Amino acid sequence: MTATPAISIRDLRVSRGGNLVLPDISVEIEKGSVTGLLGPSGCGKTTLMRSIVGVQIVAGGTVEVLGRPAGSSDLRNRVGYVTQAPSVYGDLSVGENLDYFARVVGVSPERVAETIETVGLSGFTGRLVSSLSGGQRARVSLASALLNKPDLLVLDEPTVGLDPLLRAELWKTFHELAESGTTLLVSSHVMDEAGACDHLILIRDGRLLRHTTPEALRRETGENDLGRAFLKVIESDEEAA
Amino acid sequence: MSPRITLATGLRVLQQIRHDPRTIALLLLVPALLLTLMKYVFESEPRVFQQIGAPLCGLFPFIVMFLVTSITMLRERTTGTLERLMTLPMSKLDLLLGYALAFGLLAAAQALVICLVGFGLLGLNAPHGVLIIVGLAVLNALLGMSLGLLVSAFANTEFQAVQFMPAFIFPQLLLCGLFVARDQMAPLLEAVSWVMPFTWAYDALARAVSPQPLSGRVAVDAAVVLAVTIGSLIFGAMTLRRRTA
Ligand SMILES: Nc1ncnc2c1ncn2[C@@H]1O[C@H](COP(=O)(O)OP(=O)(O)OP(=O)(O)O)[C@@H](O)[C@H]1O
Ligand SMILES: [Mg+2]
Chain A
52 MTATPAISIR
62 DLRVSRGGNL
72 VLPDISVEIE
82 KGSVTGLLGP
92 SGCGKTTLMR
102 SIVGVQIVAG
112 GTVEVLGRPA
122 GSSDLRNRVG
132 YVTQAPSVYG
142 DLSVGENLDY
152 FARVVGVSPE
162 RVAETIETVG
172 LSGFTGRLVS
182 SLSGGQRARV
192 SLASALLNKP
202 DLLVLDEPTV
212 GLDPLLRAEL
222 WKTFHELAES
232 GTTLLVSSHV
242 MDEAGACDHL
252 ILIRDGRLLR
262 HTTPEALRRE
272 TGENDLGRAF
282 LKVIESDEEA
292 A
Chain B
322 MSPRITLATG
332 LRVLQQIRHD
342 PRTIALLLLV
352 PALLLTLMKY
362 VFESEPRVFQ
372 QIGAPLCGLF
382 PFIVMFLVTS
392 ITMLRERTTG
402 TLERLMTLPM
412 SKLDLLLGYA
422 LAFGLLAAAQ
432 ALVICLVGFG
442 LLGLNAPHGV
452 LIIVGLAVLN
462 ALLGMSLGLL
472 VSAFANTEFQ
482 AVQFMPAFIF
492 PQLLLCGLFV
502 ARDQMAPLLE
512 AVSWVMPFTW
522 AYDALARAVS
532 PQPLSGRVAV
542 DAAVVLAVTI
552 GSLIFGAMTL
562 RRRTA
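The listed protein sequences correspond, in order, to chains A and B.
Just so we're aligned, residue 52 is where the first sequence starts under this note's numbering, counting upward by one.
Just so we're aligned, residue 322 is where the second sequence starts under this note's numbering, counting upward by one.
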């Protein structure tokens, strides 16, 4: 790879509430790809994503995003972040939420209808967000990050609680975005989603286990099922330790 | 800073309130009802009603906006929308001025209702006109808003935020001169009252509803209120952190 990576993390160290959550992590993510961030609950996926979008206080190391230090003000137009818990206004309708975020990022009102369509919420525009189901609310949150077509999208478990059909559709959208040049970093608990990623980052206890691809992981472990492959990697890692 | 984002934020806050008609009704009616209650409590002492009720018309919006803003901002923090906004191309001042816009308008509506009731129906006197009282009320509301924003940074839960009201507002209400003239208090308290913003807010109102000719002191009072408002907005902006632990 000669092109500059979309994300370049070197010796990142993060403490939260007195715990060393990420002791020392280094990883690079190339542009225009879909990278899955996988690992058990509490391993530090959200913390890593927060460091990338620049809202996490870090104890050491460097994080560069699109060639600039993470959190730089000129990145705010170019990086979209969807938090794990939907962060939208429950006391506004779907349309009002997206209208507001559209005005903030400065895109035309037509984009609002388009993104509502993308996340499969046409027909819900006038509904109050607090009256939506958990999965629907998560999709409003996702839609608001898609509005301005950022260069980098950081999505923290965007498909949790969604049915397989909708999940497949969203993953199709993710790949379309990647083809148009967007870089996506998507965290997930669900290993069957790992197969849909171009690259995989496996984390355990704040440590990088593997930066690989689905095929390479299958080849390495001899397991076709990525969930079992992940378990094997953890086992061999423990034996080595 | 961008006027587009400031306006959008103001509009968004107003939309949120529009979806909550009960809050609007409480906001507009409760002060007027309390004032009416007061009139009958002081039925045999109309002078006291004038002395306390008239300035109170301009002080209510301070108290209400303090509470409403601290809760709104706390919710913005706890629901993660603040974190999202901090990742967007939006300056902290856009957010705060958007709040000021929305709550300023709301305060104006509240002040209009309470003044219509107080000076129109309940027989309070406004020798220098009602407009100056509405104007001071809006100014005081913005002061309440900016102090509310500031203290919300020190509250992690809505229970805590609500406690700031008695902790922060009651002492100021007692010391401002509304119930007892300040020169009759213990000297230490009188000295303390000088540094409380509420004292200046009250002083302006007391002058605006007294039959004596208006002096430049009203403008001085208003200027102090404005200065404290701007100061605490700036402090409030500093408590909004883009990066958190
Ligand atoms: N605000 C916080 N204060 C202190 N510790 C925290 C805080 N947030 C997270 N942690 C701790 O940091 C570790 C990593 O948390 P993080 O949220 O990054 O995990 P995660 O991989 O995203 O988990 P999940 O899959 O459950 O979302 C956990 O052990 C968690 O307890
Ligand atoms: Mg997480």
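Yeah, the Cβ is synthetic: ideal placement off N, Cα and C, and Gly gets one too.
All values derive from a computational prediction rather than experimental measurement.
What does residue i reach in chain B if we use C-beta pairs closer than 7 Å?
| i | result |
| --- | --- |
| Asp202/A | Simply none; closest approach about 13 Å. |
| Glu147/A | Gln336 |
| Gly95/A | Under the 7 Å cutoff, chain B gives no residues; its nearest Cβ is about 14 Å from Gly95/A. |
| Leu179/A | His340 |
Measure the beta-carbon distance from residue i to residue j and round it to whole angstroms, keeping in mind my assumption that it falls under 8 Å.
| i | j | result |
| --- | --- | --- |
| Val139/A | Leu63/A | Not quite, the Cβ-Cβ distance comes to about 29 Å (not below 8 Å), so this is no contact. |
| Thr520/B | Leu496/B | 7 Å |
| Gly557/B | Ala527/B | In fact, because the Cβ distance is near 28 Å, the residues do not count as touching under 8 Å. |
| Met466/B | Thr390/B | 5 Å |
| Met322/B | Ser412/B | 5 Å |
| Val104/A | Val130/A | 6 Å |
| Met394/B | Arg563/B | Not really, about 16 Å apart at Cβ, beyond 8 Å. |
| Phe485/B | Val501/B | The Cβ separation is near 24 Å, so there is no contact. |
| Gly118/A | Thr55/A | 5 Å |
| Thr233/A | Leu251/A | Not really, about 18 Å apart at Cβ, beyond 8 Å. |
Return the CA-CA distance between residue i and residue j, expressed in angstroms with no decimal places.
| i | j | result |
| --- | --- | --- |
| Phe225/A | Val85/A | 7 Å |
| Gln372/B | Lys360/B | 11 Å |
| Phe475/B | Leu204/A | 32 Å |
| Leu328/B | Gly425/B | 13 Å |
| Leu198/A | Val163/A | 7 Å |
| Pro209/A | Leu217/A | 11 Å |
| Tyr420/B | Gly331/B | 6 Å |
| Ser553/B | Glu244/A | 48 Å |
| Gly174/A | Gln336/B | 20 Å |
| Val109/A | Val116/A | 15 Å |
| Ile392/B | Phe281/A | 45 Å |
| Leu236/A | Leu388/B | 40 Å |
Would you mind telling me which residues of chain B sit closer than 8 Å to residue i, beta carbon to beta carbon, in chain order?
| i | result |
| --- | --- |
| Asn128/A | Pro410 |
| Val211/A | By Cβ distance, chain B contributes nothing, its closest Cβ being about 15 Å from Val211/A, past 8 Å. |
| Glu157/A | The residue you asked about is not Glu; residue 157/A is Gly in the sequence shown. By Cβ distance, chain B contributes Arg325 and Pro410. |
| Thr134/A | Gly401, Glu404 and Arg405 |
| Arg190/A | The contacting residues do not exist; Arg190/A stays about 15 Å from chain B at best. |
| Asp142/A | Gln337, His340 and Asp341 |
Against residue i, what residues of chain A qualify as contacts under a CB-to-CB distance less than 8 Å, listed in chain order?
| i | result |
| --- | --- |
| Thr565/B | Val106, Gln107 and Ile108 |
| Ile345/B | The contacting residues do not exist; Ile345/B stays about 13 Å from chain A at best. |
Which term fits residue i, buried or exposed, when burial requires 16 or more other beta carbons within 10 angstroms of its beta carbon?
| i | result |
| --- | --- |
| Ile551/B | exposed |
| Ala566/B | exposed |
| Pro448/B | exposed |
| Phe491/B | exposed |
| Leu427/B | buried |
| Met52/A | The predicted model places Met52/A with a pLDDT of 48, which falls under 50 and marks its position as unreliable; any figure quoted below should be read in that light. Under this definition Met52/A is an exposed residue. |
| Gly537/B | exposed |
| Pro376/B | buried |
| Ser239/A | buried |
| Asp524/B | buried |
| Asn70/A | exposed |
| Val516/B | exposed |
Tell me which residue opens and which closes the alpha helix (DSSP H) that residue i is part of.
| i | result |
| --- | --- |
| Leu496/B | Phe491 to Leu496 |
| Pro382/B | Pro367 to Thr399 |
| Gly111/A | Looking at the DSSP string, Gly111/A is not in any alpha helix (DSSP H); the run it does join, the beta strand (DSSP E), is Gly111 to Val116. |
| Glu274/A | Where Glu274/A is concerned, there is no enclosing alpha helix (DSSP H), given that its DSSP letter is neither H nor E. |
Need the endpoints of the beta strand (DSSP E) that residue i sits in, please.
| i | result |
| --- | --- |
| Ile453/B | Careful: Ile453/B lies outside any beta strand (DSSP E), inside the alpha helix (DSSP H) at Leu452 to Ser473. |
| His250/A | His250 to Arg255 |
Who are the neighbours of residue i on chain A, taking C-beta pairs under 9 Å?
| i | result |
| --- | --- |
| Arg398/B | Within 9 Å Cβ-Cβ: nothing; Arg398/B doesn't reach chain A, min ~11 Å. |
| Arg503/B | Those within 9 Å of Arg503/B in chain A number zero; the least Cβ separation is about 42 Å. |
Using a C-beta to C-beta distance shorter than 7 Å, which residues of chain A count as neighbours of residue i?
| i | result |
| --- | --- |
| Ile329/B | For the sequence presented, residue 329/B should be read as Ala rather than Ile. Chain A residues near Ala329/B: Tyr151, Arg154 and Val155. |
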